[in-house]
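As they're listed, the protein sequences go chains A and B. Mapping of the first sequence onto this note's numbering: residues 1 to 197, in sequence order. Mapping of the second sequence onto this note's numbering: residues 1 to 365, in sequence order. Worksheet: one structure, shown below.
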Amino acid sequence: MEHQTAAFIIVIAAIFTNNILLSNFLGMCSFLVCSRQLETAAGLGVAVTFVMTCTATLNYAIYHWVLVPLHIDHLTFIVFIAVIAAFVQFVEMFVERFSPKLYHALGIFLPLITVNCAILGASLFLVIRKYSFTQSIGFGFGAGVGWALAIILMAGLRKKMGYSNIPAPFQGVATAMLVTGVMAMTFMGFAGMVSIQ
Amino acid sequence: MSIVVSSLVLAGLFAALAGVLTFAEKVLINYGVCQIDINRQERVLEVEGGQSLLSALFENEIYIPSACGGKGSCGYCKVRVVSGGGPVLPTETPYLTRRESRSGVRLACQVKVREDLEIVVPEEYLNVKLFQAVVESTRELTYDIKEITLALREPPEIEARPGQYVQIEAPTPDGSEYRAYSISSPSYLVRDKVELNVRLVPGGIGSTYLHGLQKGDAVTFTGPYGEFALSEDPEVEVVCVGGGVGMAPIKNLVYSICARWPERSCFMFFGCRGPRDIFYYDEFRALAADHPNLRVIYALSDPLEPGESWDGETGFIHLAVDRYLKQDGTRRQAFLCGPPPMIEAVTQVLAAKGLAEQDVFYDKF
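Right, dumping it as structure tokens:
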């Protein structure tokens, strides 16, 4: 029972207090590139959440049931990356076959996800923070939702910024970085709520 | 010990992942047989689903133009997809105008065959064939232009209109690419051979391949393509204007006209930089001596270097066109081939001479 509660707390913490994008600044490249349109941002957010949850689960299993018993945890990085890449490929094929509509909405983002460092980051955090199985699933899901939340908020802000008169040197990525910084600071307001390492 | 375990686990894991993916590909990417309806039931193909429309058409010997071999980087393989095929992909939008995407034009290499498709392709693409040929001879025309003659093997004859082009298959490290070259041999006279004029472009895929060919080498190409449509009415005067290496279609047209209508009025303008760029000059002068209504005008645009001599026209070729063509109500057709600035300048001159837009054909490169 204790584990279940902990998993739920981890979900909340991963979304708000320890948002993987805003507190660890992982997954910035696709965050900056794909946050120009709300639709694109939401699509990518959903895809990242899905892939992050599944790869966190898979990687937990492989790490604790294969790599650790055989004392070869120095292979963690290469194995995690391979699992993520293969999984994304598989999902792409699966979605393309069974839901052409979803494929056209998400499919073009899937290749972007393979190289999204937040995905690898989530898998590595669950090793570093010594999460249990359920906690890992919760963390993968929470981190994904947190990332999606951040990019959707950013897309909304960028839409607003389109109407504001920004000085030339600050246009584009410069303002996006500043706004991300301010967003990160606002998210610190959640800090007292729950905490994970 | 740890090294052995590491390698074994890594190899095993990667093999398992590869196995899962291969299996998934077999099971998931299997769309069964799909029908492609071309030009409203004119031809109906049954193809294996899952491949691109371009490769499905190639497999069934329908050769639509494509230079990049299906990478989505040339934008030549446009077809109109009437039904099926899904929405336009982001990889296609740079190559489609707004009007094209509204009317369903797609890049065939980006459309995946997942369901029955209905498509419309230009009628003449259905007559395009795949040719196997061997190099019969090569000859240097200038310091960087070679004349390459290909003898057809299978099929033994090509039926082309003067001024049309073929797509040569050039091997590259990552698959075949196709490059367009106009046929320079007279299409009305020569059907069992295809002659090309190829300028060596440093780093160019097609020209490097073609310049490296030796007598007897095998070459594969598809054709004929192109919109050049010579009027069959001998009363229509023909104006051919070429520049740089834009000689091939012009030579084809002039020789074809002289063969079929020896008395037909025809102008042949060719613009070069200096004397070292001149080729086929003696051949054309000899031809003009036999055909009084053929006028051959070469013009050099660069000032002569010391030691060079030239007794013909000088200046840019569109100025020569302006000087020679009279505004006397003669019905004319014009065929232009050369660099874009030349085409633009000549088109303006021709418009001022009263030629309608549909009577001016051009190849820009």
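All residues carry an ideal CB built from backbone N, CA and C; glycine is no exception. Bear in mind that the values here come from a model prediction, so they are computed numbers and not experimental data.
- In this model, residue 315 of chain B and residue 179 of chain A are separated by some 60 Å (Cα to Cα).
- Contact of residue 301 of chain B with chain A is not assigned, every C-beta pair being separated by 8 Å or more.
- In chain order, 353 place their CB closer than 6 Å to the CB of residue 325 of chain B, counting only its own chain and leaving out the 5 sequence neighbours on each side.
- Residue 327 of chain B and residue 273 of chain B have their C-alpha atoms some 28 Å from each other.
- In this structure residue 179 of chain B is not in contact with residue 245 of chain B, their Cβ atoms being roughly 13 Å apart against a cut-off of 8 Å.
- Think of a sphere of 8 Å around the beta carbon of residue 25 of chain B: the chain A residues whose beta carbon falls inside it are 93, in chain order.
- Taking all protein chains in view, the Cβ of residue 163 of chain A is surrounded by fewer than 16 other Cβ atoms within 10 Å, so the residue is classified as exposed.
- Rounded to whole angstroms, residue 45 of chain B and residue 77 of chain B show a C-alpha spacing of 18 Å.
- Contact residues of the region 78-90 of chain A toward chain B are 78, 79, 82, 83, 85, 86, 87, 89 and 90 (C-beta to C-beta distance below 9 Å).
- Interface flag for residue 71 of chain A against chain B is set, since a Cβ pair is found closer than 8 Å.
- By the neighbour-count criterion, in which 16 or more other beta carbons inside 10 Å mark a residue as buried, residue 74 of chain A falls on the exposed side.
- By the C-beta density criterion, residue 304 of chain B is exposed, having fewer than 16 other C-beta atoms within 10 angstroms.
- Proximity of chain A to residue 114 of chain B at the Cβ level (cut-off 8 Å) is accounted for by 100, in chain order.
- Assignment of residue 92 of chain A by DSSP, reduced to helix, strand and coil, places it in the helix class.
- Within the region 65-96 of chain B, 86, 87 and 90 place their CB atoms closer than 7 Å to a CB of chain A, listed in sequence order.
- Put simply, the region 173-188 of chain A does not touch the region 50-69 of chain A. Fewer than three CB pairs are less than 8 Å apart.
- Neighbours of residue 66 of chain A across chain B, judged by C-beta separation under 8 Å: 9 and 13.
- Within 7 Å of the CB of residue 5 of chain B, the CB atoms of chain A belong to 70 and 72, in sequence order along the chain.
- Of all residues in the region 18-37 of chain A, none is placed with a Cβ closer than 9 Å to any Cβ belonging to chain B.
- A direct Cα-to-Cα measurement between residue 256 of chain B and residue 188 of chain B gives close to 5 Å.
- When the alpha-carbon of residue 25 of chain B is set against those of A/128, A/175, A/168 and A/92, the nearest one is in A/92.
- Sequence-distant partners of residue 84 of chain A (beyond 5 residues in either direction) whose C-beta falls short of 6 Å from its own C-beta, in its chain, are 55 and 119.
- By the neighbour-count definition (other C-beta atoms within 10 Å, threshold 16), residue 252 of chain B is a buried residue.
- Residue 217 of chain B has its alpha-carbon roughly 10 Å from the corresponding atom of residue 137 of chain B.
- Spatial neighbours of residue 154 of chain B in its own chain (CB-CB distance under 6 Å, excluding positions within 5 residues in sequence) are listed in chain order as 132.
- The region 106-117 of chain B makes contact with the region 77-91 of chain B: 3 or more CB pairs, one atom from each, lie closer than 8 Å.
- When the beta-carbon positions are compared, residue 21 of chain B and residue 79 of chain A stay at least 8 Å from each other.
- Below the 8 Å Cβ cutoff, chain B contributes 6, 9 and 10 as neighbours of residue 75 of chain A, in chain order.
- In the DSSP secondary-structure assignment, residue 35 of chain B is bridged to B/46.
- If you draw a straight line from the Cα of residue 221 of chain B to the Cα of residue 1 of chain B, it is about 57 Å long.
- Taken through DSSP and simplified to helix, strand or coil, residue 179 of chain B comes out as strand.
- Non-local C-beta neighbours of residue 185 of chain B in its own chain, meaning closer than 7 Å and more than five positions away in sequence, comprise 193, 194, 195 and 252, ordered along the chain.
- The beta carbons of residue 320 of chain B and residue 299 of chain B sit about 5 Å from each other, so the pair counts as a contact at 8 Å.
- It is roughly 16 Å from the alpha-carbon of residue 35 of chain B to the alpha-carbon of residue 79 of chain B.
- Of the other Cβ atoms in all chains shown, 16 or more fall within 10 Å of the Cβ of residue 147 of chain B; this residue is therefore buried.
- Using a Cβ-Cβ cut-off of 8 Å, residue 17 of chain B is close to 82, 83 and 86 of chain A, given in chain order.
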